[in-house]
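Student: In UniProt numbering, the protein residues as written are 1 to 317. Questions regarding the structure given below will be posed in turn.
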């Protein structure tokens, strides 16, 4: 019985539940407590005071309602504990002791079942919670995998688009270089044409001014050296015939040509007497594309969508 008591009997205080192996306090309501819980629960109070069982709250007013027992009695105690009692009393004590043991065993079984049920419910709740967490984790993993696949696909598309943009940029740079070269060529042609036009206009203006000055210029004034030369020639030649006098008169009356003393007309060619027709002023050719090329830039030519037609017009013009 001592080994059974050591194995199954525990303090009925739910906050203690200490295994009982030496001594304990037993109540008439079939509850047992350890010696440490008895003073705290009021079982060791004087009999005149109000005592209650800590387990079932039953009133314990008599002296014999609580008593201390030895759970591991000696052999001498076993030989003398029931000695002197009649068989009916002995059997009644044994029956009540067995009833106490059965009650304690039943209460321990109920407590263990309750504890098992509580732990089972907690386990099931945790299992359901873990299943839900696993389901959520799996769904999140699936979503993340889908997002990762989409991001990889987008990355591949972006790489392809970047490669296409690089190729387009290289083509644009090549075309821009070609357009810049064509622009520089056309601009140089336009500037050269403008310079030729300006030179032609300057020559025409010079010829027109010379023509107008020829009609309105006064007779030239001979320098003094020329008069002295003619007088010296007369003195040396003397008075010739009438033919020589006529020649002298003609030479005196006819003035020298204007270009003889005008340095601006020394390379102008024969006089108007030998010309049948003077050339008119050169025609000024206006080329709109030259102004357009002069006012434009290579970037504007490159961005403009009609650059092909403008190049054709510029080259043909």
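Idealized CB from N, CA, C, for every residue including glycine. Source: prediction; values computed, not measured.
If I follow the unbroken beta strand (DSSP E) through residue 66, where does it start and stop?
Tutor: Start and end: 66 to 70.
Student: Output the distance between the C-alpha atoms of residue 259 and residue 199, rounded to the nearest integer angstrom.
Tutor: With a pLDDT of 46 at residue 259, under the threshold of 50, the modelled position of that residue is not reliable, and no figure is offered here.
Student: Do residue 30 and residue 100 have their C-beta atoms within less than 8 Å of each other?
Tutor: Contact: yes.
Student: If you draw a straight line from the C-alpha of residue 201 to the C-alpha of residue 207, how long is it?
Tutor: Answer to the nearest angstrom: the Cα atoms are 10 Å apart.
Student: Helix, strand or coil for residue 17? Go by DSSP, reduced to three states.
Tutor: Three-state result, residue 17: coil.
Student: Any idea what DSSP makes of residue 319, helix, strand or coil?
Tutor: The requested residue 319 does not occur in the structure, where the chain is confined to residues 1 to 317.
Student: Under 6 Å Cβ to Cβ from residue 56, same chain only, skipping five residues before and after it: list those, please.
Tutor: If we look at residue 56 and ignore the five residues flanking it on each side, its Cβ neighbours are 29.
Student: Short check: CB of residue 23 to CB of residue 81, under 8 Å?
Tutor: Not a contact, by the Cβ cut-off of 8 Å.
Student: Which residues bound the alpha helix (DSSP H) around residue 79?
Tutor: Here the alpha helix (DSSP H) through residue 79 covers 75 to 80.
Student: Do residue 113 and residue 10 have their C-beta atoms within less than 8 Å of each other?
Tutor: Not closer than 8 Å, so no.
Student: Using the rule of at least 16 other Cβ atoms within 10 Å of the residue's Cβ for burial, across every protein chain shown, is residue 157 buried or exposed?
Tutor: Flag for residue 157 reads exposed.
Student: Would you mind sorting residue 33 into buried or exposed? The rule is 16 or more other CB atoms within 10 Å of its CB.
Tutor: Buried is the call here.
Student: Out of curiosity, what's the CA-to-CA distance linking residue 172 and residue 154?
Tutor: Roughly 26 Å separates the two Cα atoms.
Student: Suppose the cutoff is 8 Å on Cβ atoms and the five residues either side in sequence are ignored; what does the same chain contact list for residue 168 look like?
Tutor: Excluding positions up to five away in sequence, the list is empty.
Student: Residue 54 and residue 41 look like a contact to me (Cβ under 8 Å); what is the Cβ gap, rounded to whole Å?
Tutor: Contact flag correct, Cβ pair sits at about 4 Å.
Student: Residue 17 to residue 133, Cα distance in whole Å?
Tutor: If you take the alpha carbons of residue 17 and residue 133, they lie about 36 Å apart.
Student: Express the C-alpha separation of residue 120 and residue 78 in angstroms, rounding to a whole number.
Tutor: If you take the alpha carbons of residue 78 and residue 120, they lie about 43 Å apart.
Student: Is DSSP giving residue 159 helix, strand or coil here?
Tutor: Residue state, collapsed to three classes: helix.
Student: Residue 33 bridges to which residues according to DSSP?
Tutor: Residue 33 is bridged to 25.
Student: By the three-class DSSP mapping on this structure, what secondary structure does residue 265 have?
Tutor: Because residue 265 carries a pLDDT of 41, less than 50, the predicted location of this residue cannot be relied on, and the following value inherits that uncertainty. Note: residue 265 maps to helix in three-state DSSP.
Student: DSSP on residue 102, reduced to helix/strand/coil?
Tutor: If DSSP states are grouped into helix, strand and coil, residue 102 belongs with the helices.
Student: Please report the straight-line C-alpha distance between residue 240 and residue 204, rounded to a whole angstrom.
Tutor: With a pLDDT of only 46 at residue 240, under 50, the local geometry of the prediction cannot be trusted, and no value is derived from it.
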